[in-house]
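S.K.: These protein sequences, in sequence, are chains A and B. Going by our numbering, the first residue of the first sequence is number 62, and it counts up by one from there. Going by our numbering, the first residue of the second sequence is number 55, and it counts up by one from there.
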Amino acid sequence: MIEEFQLVQVMDQQGELVQGEYEKDISEDLTRTFYRHLIRIRTFDKKAVSLQRQGRIGTYAPFEGQEASQVGSALALQDKDWLFPSYRDHGATMTFGHSLLHILLFWKGRNEGCVPPEGKNIFTPGIPIATQLPHAVGAAFAEKRKGTRNAAIVYFGDGATSEGDFHEGLNLASVWDAPVVFFNQNNHYAISVPMHKQMKTKTIAQKALAYDIPSVRIDGNDIFAVYFETLKALERARNGDGPTLIESVTWRYGAHTTADDPTKYRDQQESESRRKDNDPVDRLTKFMKHRGWGDEEWMTSVQKECAKEVDLAVEELEAYPAADPSVIFDYVFATPTWTIQEQKDKLLERWRGE
Amino acid sequence: MSTLTKMKTLTMVQAITDAMRVMLQESEHVLLMGEDIGTNGGVFRATDGLQQEFGEDRVLDTPLSEAGFIGAAIGMGLNGFRPVAEVQFLGFIYPAYEQIMTHASRIRARTLGHFTCPLVIRAPYGAGVRAPEIHSDSTEALFTHMPGIKVVCPATPYDAKGLLIAAIEDPDPVLFLEPMRCYRSSREEVPEEKYTVEIGKGKVVKEGEDVTIIAWGAMVNVAEDAAKEAAGKGIDCEVLDLRTLYPLDKDLISTSVQKTGRTVIVHEAHATGGVGNDVLAIINDKSFLYQKAPTERVTGFDTPVPYFGFEDFYLPDSKRVLAAVEKVARY
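(1) Which residues in the same chain as A269(A) place their Cβ atom closer than 6 Å to its Cβ, once the five residues preceding and following it in sequence are excluded?
(2) Would you call the region 105–118 of chain B and the region 144–156 of chain A touching, i.e. three or more CB-CB distances under 8 Å?
(3) With respect to the alpha helix (DSSP H) encompassing E370(A), which residues constitute its N-terminal and C-terminal limits?
(4) Which ranges would you report for the beta strand (DSSP E) in the region 122–175 of chain B if only whole runs of at least 3 residues count?
(5) According to a CB-to-CB cut-off of less than 9 Å, which residues of the region 128–151 of chain B neighbour chain A?
(6) Of all the options R241(B), L104(B) and R162(B), which has the alpha carbon lying nearest to the alpha carbon of I203(B)?
(7) Assign R384(B) to one of two classes, buried (16 or more other C-beta atoms within 10 Å of its C-beta) or exposed (fewer than that).
(8) Can you name the residues of chain B whose CB is closer than 8 Å to the CB of L233(A)?
(9) Does the region 309–323 of chain A come close enough to the region 121–133 of chain A that 3 or more CB-CB pairs lie under 8 Å?
(10) Listed from N- to C-terminal order along the chain, which residues in the region 213–245 of chain A have their beta-carbon within a distance smaller than 7 Å of any beta-carbon of chain B?
(11) Assign A191(A) to one of two classes, buried (16 or more other C-beta atoms within 10 Å of its C-beta) or exposed (fewer than that).
(12) For R176(B), decide whether its Cβ has a neighbour in chain A, counting only Cβ atoms nearer than 7 Å.
(13) Under 7 Å, Cβ to Cβ, is there at least one residue of chain A near L231(B)?
(14) Sort out for me which residues DSSP pairs Y300(B) with in a bridge.
(15) State yes or no: is the beta carbon of G167(B) nearer than 7 Å to at least one beta carbon in chain A?
(16) Quick one: grab the DSSP three-state call for G88(B).
(17) Helix, strand or coil: how does DSSP classify D411(B) here?
(18) How about M66(B) and A214(B): do their beta carbons lie closer than 7 Å?
(19) Please identify, using Cβ separations under 7 Å, the residues of the region 153–164 of chain B that lie next to chain A, in order along the chain.
(20) Measuring alpha carbon to alpha carbon, tell me which of S253(A), F167(A), A213(A) and E77(A) ends up nearest K347(A).
(21) For D356(B), I'd like the list of residues in its chain whose CB is within less than 7 Å of its CB, leaving aside the five on either flank, ordered along the chain.
(22) Apart from the five residues just before and just after S253(A), which ones in its own chain have a Cβ nearer than 6 Å to its Cβ?
(23) Can you tell me whether H163(A) is buried or exposed? The criterion is at least 16 other CB atoms within 10 Å of its CB, across all chains shown.
(24) Check whether chain A comes within 7 Å of D226(B), counting only Cβ atoms and requiring the distance to be less than that.
(25) Using only CA atoms, which one of L233(A), A316(A), V363(A) and F184(A) lies nearest to Q329(A)?
(26) For a contact meaning CB atoms closer than 8 Å, what does D111(B) contact in chain A?
(27) Are the beta-carbon atoms of E229(A) and S119(B) separated by less than 7 Å?
(28) Just to confirm my understanding: we take D90(B), look at its own chain, exclude 5 residues before and 5 after, and list those with CB closer than 8 Å. What are they?
(29) At a CB distance below 8 Å, what residues from the region 185–201 of chain A approach chain B? Give them in sequence order.
(30) At least one CB of chain B closer than 7 Å to the CB of C175(A): is that the case?
(31) Taking any Cβ of chain A, which residues in the region 184–211 of chain B have a Cβ under 8 Å from it, in chain order?
(32) Alpha carbon to alpha carbon, how far is L376(B) from A281(B)?
(33) Would you please verify whether the beta carbon of P301(B) is less than 7 Å from any beta carbon of chain A?
(34) Can you have a look at Q259(A) and say buried or exposed, based on whether 16 or more other CB atoms are within 10 angstroms of its CB?
(35) With F230(B) as the anchor, note down where its beta strand (DSSP E) starts and where it stops.
(36) For F202(A) and P240(A), what's the separation of their Cα atoms in angstroms?
Quick look at the structure:
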């Protein structure tokens with residue numbers, strides 16, 4: 062099957078364009094936008110790992126290495142589309158418009174971080190693996206029923222494809238022609254379990270065959286491949302042609318979360334050599350330099366701006382009002398039930414020392 | 055109710071169909087989904103004729119995929135619709151348990167009300183109809199234990215229609231349990247028009263002074279039978295139908311048990327971890343000093359609901375209830 066699902070590349074590892082058909086769609090502006098977002102989410106990610114190490118946020122799931130997959134796909138979305146992330150996809154949500162402060166709040170154990178900016182359809186990070194796939198199908202189906210051209214994109218990893226919800230989600234989307242893009246980031250490891258122990262298939266893209274859904278296997282570190290293939294899939298969805306499965310082949314350099322040590326289950330030399338030869342940010346940087354589109358000065362200024370923006374978000378996080386215990390009671394139901402009201406009153410009484 | 059209200063005589067399952075018809079007519083955001091609910095009208099014919107009347111877009115036959123279609127219903131709920139999903143039997147809901155437990159019931163709390171999940175899940179419930187294994191479960195406590203979802207269980211046609219309409223209008227997820235034994239066991243005058251029965255409110259089915267019998271679903275009839283038999287022995291029972299299992303009607307319970315001081319709780323679900331224990335907790339918390347006898351529970355056993363060849367041993371009947379009534383009355 063791997064022959065049928067050849068890796069689609071638009072730009073190679075040296076930053077050279079290998080598919081001429083996109084030449085006309087690639088502008089200096091577009092690549093600068095890509096670059097800015099890649100740097101922005103990488104800066105955030107590194108900062109978040111460091112904040113966790115200092116005990117300033119909780120356990121954190123880093124995405125370093127997967128930036129092109131997240132930025133390229135999120136930039137292909139339109140304003141009213143729906144985004145259903147997993148917990149490792151805040152690179153995509155911040156690119157689509159979620160605020161850095163809110164993402165930090167989420168990782169600091171605050172529900173407030175789950176509230177997207179007004180008008181943005183960004184759902185909460187899916188924690189139980191693959192459960193977000195049926196949600197995306199339902200939300201997409203609702204858009205179809207309303208007669209809009211909006212679509213949904215849902216993010217998940219390689220391990221998620223072993224879950225029932227993956228298969229039920231694909232099947233429902235297929236039967237209903239739901240305008241949804243299943244965006245798989247295959248980073249080869251589900252925490253510690255490598256892909257060959259997760260599945261016998263060599264590709265994830267081939268799993269779409271069973272549902273008669275078109276699929277494509279792309280180089281997930283090639284931001285052009287990610288962007289253009291996601292655009293195509295979204296266009297299919299908007300035109301009423303149903304779902305698409307994208308397998309975006311990538312790699313996470315670090316741990317599953319800050320709570321595990323990847324050297325326990327894999328040789329981190331692999332991560333280092335991939336960082337050296339196949340880094341998504343370096344690849345775009347090389348491309349831009351070949352074209353003479355990104356001079357050092359501009360790139361340095363972008364890096365500085367991103368660092369400043371992230372620092373500012375951290376300041377906002379640390380100045381954020383302390384947790385109010387009412388919050389855990391007030392939103393379980395539209396109107397609290399008597400049991401919840403009684404429990405709230407008791408807690409508040411104790412908390413206020415009454 | 056106005057005397058001009060048009061009434062029709064319906065079984066419970068017909069009243070349920072009627073509630074869905076009323077709501078499909080009222081709002082284009084209401085849609086039905088489930089297995090065999092279209093052409094076939096559902097395994098119990100609860101959606102009989104609705105696909106023909108409202109079309110395949112609004113009454114959807116889904117693949118055999120409880121986790122998938124409940125998950126998709128959550129997504130539709132997020133995006134402006136009010137899905138009413140049918141699970142063929144409560145015992146078939148377990149694949150969807152994760153979606154209900156980890157999402158439907160938490161979305162409002164998780165997002166401080168930004169996203170909500172106005173979803174109704176209907177499920178035929180309980181034993182006593184000689185159904186195969188897994189078709190007779192009464193695991194309501196798995197859901198009353200789950201914060202963020204209401205659990206409703208009518209015992210009559212009138213309550214079924216009013217509660218289902220209230221559930222569909224409720225801004226939060228509701229599990230709507232339909233006791234199979236009651237589907238066609240009786241008929242009742244039901245208003246043709248839209249009306250609601252408030253979620254969270256039980257009712258007094260029969261007033262009495264000596265012993266309170268608290269029940270829901272198919273056990274309400276069993277409790278009424280026991281009350282009649284007790285009357286022959288000089289014990290005047292009050293029978294309560296809780297109708298909603300979360301949130302429980304604490305005021306109804308308290309008023310009655312403070313009057314009688316003697317209580318029997320009847321449910322067909324397993325004893326351990328059953329909703330009866332929550333009723334007991336309410337009695338303990340609000341009415342301890344009024345009690346003249348320890349409360350008795352008459353329940354199914356801590357066994358799986360047995361194959362139907364054994365279900366008469368498992369299900370509480372009026373004899374078991376009567377024995378408990380006599381015990382608390384003579385304590």
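Quick reminder that beta carbons are idealized off the backbone N, C-alpha and C, glycines included. Keep in mind that this is a model prediction, so the values were computed, not measured.
M.R.: According to the structure data:
(1) S276 and L306
(2) Contact fails: fewer than three Cβ-Cβ distances are below 8 Å.
(3) E357 to E379
(4) 136–140
(5) I128, G129, M130, G131, L132, N133, G134, F135, P137 and P149
(6) Each of R241(B), L104(B) and R162(B) was checked against the Cα of I203(B), and the nearest Cα belongs to R162(B).
(7) exposed
(8) T116, P117, S119, G122, F123 and A126
(9) yes
(10) G225, D226, E229, G230, N232, L233 and V236
(11) buried
(12) no
(13) no
(14) V205(B)
(15) yes
(16) strand
(17) It is not possible to answer for residue 411(B), since the shown part of chain B is limited to 55 through 385.
(18) yes
(19) Q153, T156, H157, R162, A163 and R164
(20) E77(A)
(21) H324, A325 and T326
(22) Cβ within range, chain order: Y326.
(23) Burial call: buried.
(24) yes
(25) A316(A)
(26) R206
(27) yes
(28) G96, V97, D115 and Q142
(29) Among the residues of the region 185–201 of chain A, those with a Cβ less than 8 Å away from any Cβ of chain B are T185, I188, P189, T192, L194, P195, H196, A197, V198, G199, A200 and A201, in the order of the chain.
(30) yes
(31) Within the region 184–211 of chain B, the residues whose Cβ lies closer than 8 Å to some Cβ of chain A are P201, G202 and K204, listed in chain order.
(32) Just so you know, the alpha carbons of L376(B) and A281(B) end up roughly 7 Å apart.
(33) yes
(34) buried
(35) V228 to P233
(36) 7 Å
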